[in-house]
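2 protein chains.
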Amino acid sequence: MVQIPNTPAPASPAPPRSVPTSADVARLAGVSRATVSYVLNNTSAVRISEPTRRRVHEAARELGYVPHAAARSLRAGHSRMVLMPAPAFPVGPLYSRFITDLQSALSRLDYTVVQYGTAQPHGDEAARAWAELRPVAVLVPGAGLGPRGVAVLKRSGARAVVTLGPETVEGAYALLVEHEAVGHSAGAHLYDRGRRRIGVVVPRQSGLEVFSAPRLAGVRQAVRGTDATVTELPLGYDEASAARLAARWRELDLDAVFAYNDEYAMLLMRALQDEGVRIPEETAVVGADDLMLGRLLRPRLSTVHLELPSGRELAELVDRAVRAPGAPPETHKVLRATVVHRDSS
Amino acid sequence: MVQIPNTPAPASPAPPRSVPTSADVARLAGVSRATVSYVLNNTSAVRISEPTRRRVHEAARELGYVPHAAARSLRAGHSRMVLMPAPAFPVGPLYSRFITDLQSALSRLDYTVVQYGTAQPHGDEAARAWAELRPVAVLVPGAGLGPRGVAVLKRSGARAVVTLGPETVEGAYALLVEHEAVGHSAGAHLYDRGRRRIGVVVPRQSGLEVFSAPRLAGVRQAVRGTDATVTELPLGYDEASAARLAARWRELDLDAVFAYNDEYAMLLMRALQDEGVRIPEETAVVGADDLMLGRLLRPRLSTVHLELPSGRELAELVDRAVRAPGAPPETHKVLRATVVHRDSS
DNA sequence: TTGAAAGCGGTACCAG
DNA sequence: CTGGTACCGCTTTCAA
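In structure tokens:
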């Protein structure tokens, strides 16, 4: 490269214009690039004299040298990056915590966790973009990734492809999050408490169908073969929508409702109470997620408590899959749903 | 590398074992690597015959070829990656939406957005890890990044370093999120409504000090030089903690409280009501964040509505900074806080 | 104990 | 229009 002569600069301490490389460090320390690499990586297979180490470290510090991860993993032929597409659905506190736990657990195992900015393109399209980064493992929340996508990822060197969603995908390690179980718990609970005309809230908010459909199906399944009925109740997340639903509550003639989650439950409960519907006498209400706010409502909200696998467990699973890439993909059900009975049902 | 002779494999269609490279594509198509590159990148500076293009595309498809992003950006000397450390504080719906918006806005400008797994190490330490990825821009939420960190990032080629937090950092483009304004709005509102003995909730939850301290300071500032008093009220996010606080409410002798945010407000309001404290007559309550749940409480919760800059604006700012890396860093105040007066104050 | 050199997967110049 | 080739920054033999 041609050195452009310095323009007369202000008397600042000669700011190095381009990014320092290991070659720059070597030059400054008066050693070869190889030696720099040995020293900075503490390579045990080779002994470097103490004075040399010193000089190298000194030079690196002085230049503010930071190794180039891409170059390193290009040479190494692999990286320790675990890629996790950011979920398409609005995340609640539950999922936030889960992500945080998982990230720190994987960090402890010396992986670099990266959340890839959300999938505009459809799953199998997106998989290509993820594959370009050559992650050692990919952890996909929600639906959207197909068998084609899994194949692309594996062909690009991903040693573990794990889905965390409603269905298994050919070739991937599947952590089945069956939201049917949530609806099933709620439905069974309501039936046990003598309710027979059960409404189920289905949020209109887009991105939530993935959860709401199976939850509804779970309720249906819970009362299949009994005399109970299940009624679908579309509901937007706003007061007007809730008020409209509450206004026709009497004619709907329901004695219970599973409100999708605690937030929708709060919304609907308020509207019902404003309408003079007595809870739980006339209508029982059950939410889901076991948020703090449920305990603060009056009557206290019955809810379905959800438990995702711990971040540590999942991290270990990923690690195992990375180390034994030959192992056939397994399927595990991971969503534990239990009813917390309070006063609204 | 030594080729290990194939063990007699099941009669599957010869699965390619290693990751296909552009050389493989070239071989299969019977052309050079250069030609493959031209075709797949639609390089306009060079004309490739239609039959050749066809053969290359065909070969790429057949092999399931996916380019190696690291190799590409190594050669190019730069990437289009915008790195955003995952925030250390628990994120609410407000921030979630903000992130999502920002990501899609940046995607539209053809940047790749990546959330880097949360900062275990302290800011300036973490900056080194981020720098290893050689992002073209870094967007840091919250506090924790110091001038040293900024320097490291810039030296590693980051053309834009933007902080989104409570204070400016030497060398970085600062989007000032001044939570003092939140407290100030709430304090002024309460004062205007005739309240003089103001309590301010300070969450015990760790990670929230960054927000709670300035909010408290803002209230203090709003009533400075008046006869009003400000009392700090530490509060854990659980019912027991709230009940304890409510039990000594009468002796605290407060006529108003700014409850940090809507969720803490709900928690405290419930405890106060259970204790028989009338709201707003005896004590006015103001929350913040303007969440749906505030509208559902009775009395309806007064709150401070917060507005962050739109994702599009921020994306454009980043883009501008990337294109004009010489420009001196600016500072902008970006948090708009306005009181939404309802029935609790 | 240290250095020279090969190459990881792409891109872009220059020659044919 | 296409191929040869020199890099990008780093690690890792192999020799000296």
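Chains as they are written, first to last, in the working numbering: chain A, 1309 to 1653; chain B, 1309 to 1653. Every residue, glycine too, gets a C-beta built ideally from N, C-alpha and C.
At the level of alpha carbons, what is the spacing between residue 1505(A) and residue 1546(A)?
The straight-line gap from Cα to Cα measures roughly 25 Å.
Using the beta-carbon of each residue, which ones in chain B are nearer than 8 Å to residue 1545(A)?
What residue 1545(A) touches in chain B: 1600.
Going by other Cβ atoms of all chains shown within 10 Å of its Cβ, with 16 needed for buried, is residue 1373(A) buried or exposed?
Buried, because 16 or more other Cβ atoms sit within 10 Å of the Cβ of residue 1373(A).
Quick check on the burial criterion: 16 or more other C-beta atoms within 10 angstroms. Buried or exposed for residue 1473(B)?
Residue 1473(B) comes out buried.
To the nearest angstrom, how far is the alpha carbon of residue 1448(B) from that of residue 1419(B)?
Approximately 16 Å, taken between the alpha carbons.
For a test of the three-state rule: what should DSSP assign to residue 1596(B), helix, strand or coil?
Strand.
With residue 1260(B) as the anchor, note down where its alpha helix (DSSP H) starts and where it stops.
Look at the range of chain B in this structure, 1309 to 1653, and you will see that residue 1260(B) is not part of it.
Could you check whether residue 1367(A) and residue 1336(A) sit closer than 8 Å to each other, using their CB atoms as the reference points?
Contact: yes.
Tell me which same chain residues have a C-beta within less than 8 Å of the C-beta of residue 1643(A), skipping the five on either side of it?
Taken in chain order, the residues that qualify are 1484, 1485, 1486, 1487, 1489, 1490, 1614, 1615, 1616.
Show which residues of chain B have a CB atom less than 9 Å away from the CB atom of residue 1424(A).
Chain B residues near residue 1424(A): 1420, 1421, 1422, 1423.
Between residue 1464(A) and chain B, is the shortest Cβ-Cβ distance under 8 Å, so that the two count as touching?
Closer than 8 Å: yes.
Output, in chain order, the set of chain A residues within a Cβ distance shorter than 9 Å of residue 1460(B).
Chain A residues near residue 1460(B): 1372, 1374.
Give me the DSSP bridge partner(s) of residue 1645(B).
In the DSSP output, where bridge partners are listed per residue, residue 1645(B) has 1614(B).
Check residue 1672(A) in the structure and name its three-state DSSP category.
Residue 1672(A) cannot be examined here, being either before or after the span of chain A that is shown, 1309 to 1653.
So, with DSSP's three-state summary, where would you put residue 1399(B)?
Three-state DSSP puts residue 1399(B) in coil, outside helix and strand.
Considering just the uninterrupted stretch of the alpha helix (DSSP H) at residue 1455(A), what are its terminal residues?
Run containing residue 1455(A): 1455 to 1463, per the alpha helix (DSSP H) assignment.
Would you call residue 1533(B) buried or exposed, if buried means 16 or more other Cβ atoms sit within 10 Å of its Cβ?
Under this definition residue 1533(B) is an exposed residue.
Counting only Cβ-Cβ distances shorter than 7 Å, please list the residues of the segment 1604 to 1633 of chain A near chain B, keeping chain order.
Cβ contacts with chain B: 1604.
So, using beta-carbon positions, are residue 1495(B) and residue 1530(B) closer together than 8 Å?
Yes. Within cutoff.
With DSSP as the reference, please indicate the residues paired to residue 1446(A) in a beta bridge.
Paired residues: 1391(A), 1469(A).
What is the DSSP secondary structure of residue 1498(B), reduced to helix, strand or coil?
Note: residue 1498(B) maps to helix in three-state DSSP.
Touch check for the segment 1475 to 1483 of chain B and the segment 1452 to 1459 of chain B: three-plus C-beta pairs under 8 Å?
Contact holds: three or more Cβ-Cβ distances are below 8 Å.
Express the C-alpha separation of residue 1649(A) and residue 1602(A) in angstroms, rounding to a whole number.
Each residue's Cα considered, the two are about 11 Å apart.
According to DSSP, simplified to helix, strand and coil, what is residue 1327(B)?
Coil, per DSSP.
Just verifying my parser: in three-state terms, what is the DSSP assignment at residue 1542(A)?
Reduced to three states, the DSSP call for residue 1542(A) is strand.
Would you call the segment 1583 to 1593 of chain B and the segment 1556 to 1566 of chain B in contact, with 3 or more CB pairs under 8 Å?
Because the criterion of three Cβ pairs below 8 Å is met, the segment 1583 to 1593 of chain B and the segment 1556 to 1566 of chain B touch.
Going along the chain, which residues of the segment 1432 to 1447 of chain A sit with their C-beta nearer than 7 Å to a C-beta in chain B?
Listed by position, the residues of the segment 1432 to 1447 of chain A near chain B (Cβ gap below 7 Å) are 1436, 1439, 1440, 1441, 1442.
Alpha carbon to alpha carbon, how far is residue 1618(B) from residue 1640(B)? Give it in angstroms, no decimals.
Roughly 14 Å between the two C-alpha positions.
Check the C-beta distance from residue 1604(B) over to residue 1575(A) and give it rounded, since I have them as a contact under 8 Å.
That pair is a contact at about 6 Å.
So, for residue 1497(B): in the same chain, excluding its five sequence neighbours on each side, which residues have a beta-carbon less than 6 Å away from its beta-carbon?
The answer, listed in chain order, is 1647.
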